[in-house]
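S.K.: Take a look at this one; I'll ask things after.
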Amino acid sequence: MTTRREGLTAAALIGPATIFVAVSLFGPLAILFRYSLNDFDKATKTMIAALTPANYLRFFTDPYYTSALATTVEVALLSTAVCLVLGFPLAYVVARTQSRFKHLLIIAIVLPLFVGNAVRAAGWMVIFGNKGFVNVGLAWLGLTDRPIEIMFTEKAVIIGIIAVTLPFMVLSLQSVIEGVDRAVEEAAFSLGAPPLAMFRRVLWPLALPGVLAGTILTFILCMNAYATPYLLGGPVFKMMAPLVYNTFTQQANWPFGGAIAFVLMAVTLTLTVAANLLIQRRTRS
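First residue of the sequence shown? That's 77 in the numbering used here, and the numbers climb one at a time after it.
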């Protein structure tokens, strides 16, 4: 009887918040999905009530939009992989340090998150411009005789996205690595394992939950990045989030914009679930 009463009390406490979050999240998504099945009159720029998959068929039959989706997935995968490679050593150092200044390291990692993505992208524009820090420095060193085209390229977008998402990867990994007993690593070394073997057979398997959390979080952020691709990629470089925004605002085509948004969400969820299942299967084995 007491257990049942406690369960009802817990349900009463979390019920209102759960209902509010569910309605706030799934309500707009349901409305947007309904809009994505409507028609659109280009002459009057009005939405016409219908139940047609024409917007989704248009997306998957037009190379312009499918190439934008492929570019988004490519940039997200590359950015996530680079964040993992760069973030794991940094997370390990922060997790294993015994210095009293450890909190300063964590603050230094979190500090960039206090600056908006648009502001950081603007900073990269100053660095990557034809008269920016990189080109001026290379010209001063005599390494180039004309500016290198960095702005409005895929490389600039990837660098900008990595700068935004790297703290999330480091924090996800650091919290899990801290939970790995240092004695396990010392035992591997005492048994004659070199550092690479210890990492591959001991640290990496134990840190897989953090790798999973960090890669999923980073990948989702990369797939839905807007300000960085818009500012560093320019009008020619197309990714899905700016494409959704332009379809809604510039074209006022809500049905097609809703279809693009749901395609982006479906692809992101599919790849995320696939990665989750793959890593979980690897962990069990």
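Here a beta-carbon is modelled for each residue, glycine too, at the ideal position from N, C-alpha and C. This one's a predicted model, so the numbers in the text were calculated from it and none came from an experiment.
Just list the alpha helix (DSSP H) runs in the segment 161–227, keeping only unbroken ones of 4 residues or longer that don't cross its boundaries, in chain order.
M.R.: Fully enclosed alpha helix (DSSP H) runs of 4 or longer: 178–186, 193–204 and 209–216.
S.K.: Can you confirm whether the segment 297–308 touches the segment 329–349 when touching is taken to mean that 3 or more C-beta pairs between the two stretches lie within less than 8 Å?
M.R.: These segments touch.
S.K.: Thinking C-alpha only, which one of Trp-280, Phe-313, Ala-264 and Phe-190 is nearest Val-233?
M.R.: Reading the sequence shown from its first residue, position 157 is the one you call residue 233. It is Phe-313.
S.K.: Below 8 Å, can you find three or more Cβ-Cβ pairs linking the segment 314–324 to the segment 131–147?
M.R.: Because the criterion of three Cβ pairs below 8 Å is met, the segment 314–324 and the segment 131–147 touch.
S.K.: Buried or exposed: Ile-124, going by 16 or more other Cβ atoms within 10 Å of its Cβ?
M.R.: Taking the sequence shown and counting its residues from 1, the one referred to as residue 124 is at position 48. Ile-124 comes out exposed.
S.K.: Go ahead and pull the three-state DSSP assignment for Thr-122.
M.R.: Numbered from 1 along the sequence shown, position 46 holds the residue referred to as residue 122. Reduced to three states, the DSSP call for Thr-122 is strand.
S.K.: Runs of 4 residues minimum, wholly inside the segment 239–301: which ones carry the alpha helix (DSSP H) assignment?
M.R.: The qualifying runs are 258–266, 271–274 and 280–299.
S.K.: Can you tell me which of Thr-122, Lys-121 and Ser-112 puts its alpha carbon nearest to the alpha carbon of Pro-129?
M.R.: In the sequence shown, the residue the question calls residue 129 occupies position 53. Of the candidates Thr-122, Lys-121 and Ser-112, the one whose C-alpha sits nearest the C-alpha of Pro-129 is Ser-112.
S.K.: Which whole-angstrom value describes the C-beta separation of Pro-243 and Ile-185, a residue pair presumed to lie in contact below a C-beta threshold of 8 Å?
M.R.: Translated into the one-based positions of the sequence shown, residue 243 becomes position 167. Translated into the one-based positions of the sequence shown, residue 185 becomes position 109. Yes, they are in contact, since the Cβ atoms of Pro-243 and Ile-185 sit about 5 Å apart, within 8 Å.
S.K.: For a test of the three-state rule: what should DSSP assign to Phe-313, helix, strand or coil?
M.R.: Start at 1 with the first residue of the sequence shown, and residue 313 comes out as number 237. It is coil, neither helix nor strand.
S.K.: Between which two residues does the beta strand (DSSP E) harbouring Asp-115 extend?
M.R.: Position 39 of the sequence shown, counting from 1, holds the residue named residue 115. Unbroken beta strand (DSSP E) run through Asp-115: 115–117.
S.K.: How big is the Cα-Cα spacing for Val-191 and Leu-288?
M.R.: Mapped onto the sequence shown, residue 191 falls at position 115. Mapped onto the sequence shown, residue 288 falls at position 212. So the alpha carbons of these two residues sit roughly 26 Å apart.
S.K.: Identify which residue in Ala-269, Leu-181, Ala-337 and Asp-221 has its Cα closest to the Cα of Val-170.
M.R.: If you number the sequence shown from 1, residue 170 lands on position 94. Selected option, being the one with the closest Cα: Leu-181.
S.K.: Within 10 angstroms of the Cβ of Pro-331, are there 16 or more other Cβ atoms? Answer buried if so, exposed if not.
M.R.: Residue numbering aside, residue 331 sits at position 255 when the sequence shown is read from its first letter. Pro-331 should be labelled buried.
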